[in-house]
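Shown next, in structure tokens, is the structure this report addresses.
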Amino acid sequence: MGEFGLSREEIERFNTLFSKKYAIIGNTVITFMRSDLKKILAICLKDAKKLPYPERDFTRQEMADISYQFLRDTDIDLYLNLLNILRDPAVKTYMTEPSPNNRDEDNYNSAGLNGRILSISPKNNAGGLIQVCHELSHMLSQRMQKNMSARDHTIGEIEALFIEKIFAQYLKDNGIISQYEFDAYKSFRNYKLAADTAECIMRHAVFSLTGGNIDEEKVSKLVRYAGNQMIPDYILPTLKKMANPNLGYNPAERYVLGEAVSSLLFEEYKKDKEGTMEKFKNFLSHNAQITYKDATQELLGKLLKEVSHDFLDFVEREHDESEKD
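Here you go:
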């Protein structure tokens, strides 16, 4: 197995973790978007460029204060809700320097372990500032969703990505970040969507081609599949992630669907801010778990398949507009 970069231990862990029940979980959401995912990936990778963020001199407190001011200006209910959460003595907030082990594109964060810890290590740039607001917003749903499983962040990613988009626009409109920094944010989001979409495609392939169990012959088949899909670099990292016992769920799927729903919701927000925000706050107030199927119906009035097609149209339109620029 050394030829493929997987140890026997990783193979054993994979086969222990990913029985058919995990294959079903992994395929449920992606099946709805399978054909569109490849088109979305191709669009994202076409002439893809990731603009570097320039360094800034924000303090950690300034990053938090800008995020609070944004929420205060945007929706007083969300702002007061967040303040009440952060004032709870059971909630601990940590803002540290980024880890030296972070990749360039990472702002390492973890939000809401059982709704009690928010740890943020943002880079000192516009991307780090936006990530602070993203992580703070997670606390809204994780505290309002009192019965939400720590492994079921359906609401959380839709919510944080939606708030993040409004925040980025707010920063640009108020001159806090430049047009270049705003474009860098959009290029980062495009890059992240491409990476997550590719991982979803590979995970779907793993489940489909192996039935939830792998051996040397099946890995060889997967490598050939990856080569045919022109994304061979994703197969081994994907398998290694899937063999990690600490990852009993896959964030890539919820990020891709979260990006789809939040992007379409943001389009509605630009046309009707007040109405969309009221709908969004009602969505956050659920006191139970909610599926993507229910979320898309409630927020967008659409079935998951319709969201998939509409998001593909959105990605194509965004790409065409960026090419004109």
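Be aware that the sequence shown starts at 0, since it is given in numbering that gives the first Met the number 0, and climbs by one per residue.
Note that the Cβ used here is the ideal one computed from N, Cα and C, for glycine as well.
Quick caveat, the model's predicted, so the values are computed rather than measured.
For the segment 160-240, list the beta strand (DSSP E) runs that are entirely contained and at least 3 residues long, ordered along the chain. none
How long is the line joining the alpha carbons of Lys-326 and Asn-212, rounded to whole angstroms? Any question about residue 326 goes unanswered here, given that the chain covers just 0 to 324.
Looking at the secondary structure, which residues open and close the beta strand (DSSP E) in which Lys-91 lies? Within the sequence shown, residue 91 is the residue found at index 92, counting from 1. 91-94 is the span of the beta strand (DSSP E), which, as asked, contains Lys-91.
Between which two residues does the alpha helix (DSSP H) containing Phe-69 stretch? Here residue 69 refers to the residue found at position 70 of the sequence shown. Element bounds for Phe-69: 59-73.
Classify Tyr-254: buried if its beta carbon has 16 or more other beta carbons within 10 angstroms, exposed otherwise. Counting from one through the sequence shown, the residue named residue 254 turns up at place 255. Buried, since its Cβ has 16 or more Cβ neighbours within 10 Å.
Would you call the CB atoms of Glu-266 and Lys-278 closer than 9 Å? As a first step, residue 266 must be located in the sequence shown, where it is residue number 267. As a first step, residue 278 must be located in the sequence shown, where it is residue number 279. Cβ distance not < 9 Å, so Glu-266 and Lys-278 don't count as in contact.
Give the range of the alpha helix (DSSP H) segment to which Asn-281 is assigned. Indexing the sequence shown from 1 puts residue 281 at position 282. Note, Asn-281: alpha helix (DSSP H), 272-283.
Pull up the distance between the alpha-carbon of Phe-57 and that of Ala-294, whole angstroms please. Walking along the sequence shown from the start, residue 57 turns up at place 58. Walking along the sequence shown from the start, residue 294 turns up at place 295. If you take the alpha carbons of Phe-57 and Ala-294, they lie about 36 Å apart.
Quick check on Glu-163: buried or exposed, where buried means 16 or more other Cβ atoms within 10 Å of its Cβ? Position 164 of the sequence shown, counted from the first residue, corresponds to residue 163. Glu-163 should be labelled buried.
Leu-238: CB within 8 Å of a non-hydrogen atom of the ligand GDP: Among the components modelled here there is no ligand, and therefore nothing to report on the ligand GDP.
Would you report the Cα separation of Met-241 and Gly-174, rounded to the nearest angstrom? Indexing the sequence shown from 1 puts residue 241 at position 242. Indexing the sequence shown from 1 puts residue 174 at position 175. Their Cα atoms are separated by approximately 42 Å.
Classify Ile-202 as buried or exposed, calling it buried when 16 or more other Cβ atoms lie within 10 Å of its own Cβ. On the sequence shown, residue 202 is found 203 positions in, with the first residue counted as 1. Sequence check: residue 202 is Arg here, not Ile. So Arg-202 counts as buried.
Gly-257 beta carbon less than 9 Å from that of Ala-159: Within the sequence shown, residue 159 is the residue found at index 160, counting from 1. Within the sequence shown, residue 257 is the residue found at index 258, counting from 1. For Ala-159 and Gly-257, yes; Cβs fall inside 9 Å.
Proximal residues to Ser-136 (C-beta, below 7 Å), its chain only, five neighbours per side dropped: Along the sequence shown, one-based indexing puts residue 136 at 137. Contacts found: Glu-158, Ala-159, Ile-162.
Report the option in Asp-76, Gln-168, Leu-77, Asn-123 whose CA atom is closest to the CA atom of Thr-95. As a position in the sequence shown, residue 95 is number 96, starting the count at 1. The shortest Cα separation from Thr-95 among Asp-76, Gln-168, Leu-77, Asn-123 belongs to Asn-123.
Lys-217 and Glu-9: beta carbons closer than 9 Å? Here the question's residue 217 lines up with position 218 in the sequence shown. Here the question's residue 9 lines up with position 10 in the sequence shown. Not a contact, by the Cβ cut-off of 9 Å.
Measure the CB-CB distance between Lys-292 and Ser-186 and report whether it falls below 9 Å. The residue you call residue 292 lines up with position 293 of the sequence shown. The residue you call residue 186 lines up with position 187 of the sequence shown. Not closer than 9 Å, so no.
Taking only beta-carbon positions, decide if Thr-196 is within less than 9 Å of chain D. Given the protein chain composition of this structure (a single chain), no chain D is represented.
Where the alpha helix (DSSP H) through Lys-292 begins and ends: Walking along the sequence shown from the start, residue 292 turns up at place 293. That run of the alpha helix (DSSP H) goes 291-299.
For Ser-261, which three-state DSSP category applies? Your numbering for residue 261 matches position 262 in the sequence shown. Three-state result, Ser-261: helix.
Between the CA atoms of Lys-171 and Val-131 - distance to the nearest angstrom: Along the sequence shown, read from residue 1 onward, the residue named residue 131 stands at position 132. Along the sequence shown, read from residue 1 onward, the residue named residue 171 stands at position 172. Using only the alpha carbons, I get a separation of about 16 Å.
Between Ile-119 and Tyr-268, how many whole angstroms is the CB-CB distance? I'm expecting something under 8 Å. Counted from its first residue, the sequence shown places residue 119 at position 120. Counted from its first residue, the sequence shown places residue 268 at position 269. 25 Å between Cβ atoms; not a contact.
Buried or exposed: Ile-129, going by 16 or more other Cβ atoms within 10 Å of its Cβ? Taking the sequence shown and counting its residues from 1, the one referred to as residue 129 is at position 130. It is buried - the Cβ of Ile-129 has at least 16 other Cβ atoms within 10 Å.
Cβ shell of Lys-45 (< 8 Å), same chain only, five flanking positions each side left out: The sequence position of residue 45 within the sequence shown is 46, counting from 1. The residues are His-318.
For Arg-188, count neighbouring C-beta atoms within 10 Å of its own C-beta (all shown protein chains included) and say buried if the count is 16 or more, exposed if not. For the purposes of this step, residue 188 is identified with residue 189 of the sequence shown, where counting begins at 1. That one is buried.
So, is Asn-281 buried or exposed, given that buried needs 16 or more other C-beta atoms within 10 angstroms? Mapped onto the sequence shown, residue 281 falls at position 282. Classification for Asn-281: exposed.
Neighbour-count burial assignment, Thr-209, 16 or more Cβ in a 10 Å radius: The residue given as residue 209 occupies position 210 in the sequence shown. With 16 or more Cβ atoms within 10 Å of its Cβ, Thr-209 is classed as buried.
For Ala-183, collect the residues of the same chain with a Cβ closer than 6 Å to its Cβ; drop the 5 residues on either side in sequence, then sort them by chain order. In the sequence shown, the residue the question calls residue 183 occupies position 184. Counting only Cβ-Cβ distances below 6 Å, and skipping sequence neighbours, we find Leu-50, Tyr-52.
Should Glu-156 go down as buried or exposed, given a rule of 16 or more other Cβ atoms within 10 Å for buried? Start at 1 with the first residue of the sequence shown, and residue 156 comes out as number 157. By the neighbour-count rule (16 or more Cβ atoms within 10 Å), Glu-156 is buried.
Three-way DSSP call (helix, strand, coil) for Lys-20 in this model: Locating residue 20 in the sequence shown gives position 21, where the first residue counts as 1. In this prediction, Lys-20 scores a pLDDT of 49, lower than 50, which makes its location untrustworthy; the coordinate-derived value is nonetheless stated afterwards. Residue state, collapsed to three classes: helix.
Close Cβ partners of Glu-180 (< 6 Å) along its chain, the five nearest in sequence each way excluded: Position 181 of the sequence shown, counted from the start, is the residue given in the question as residue 180. Only Ala-125 meet the Cβ criterion.
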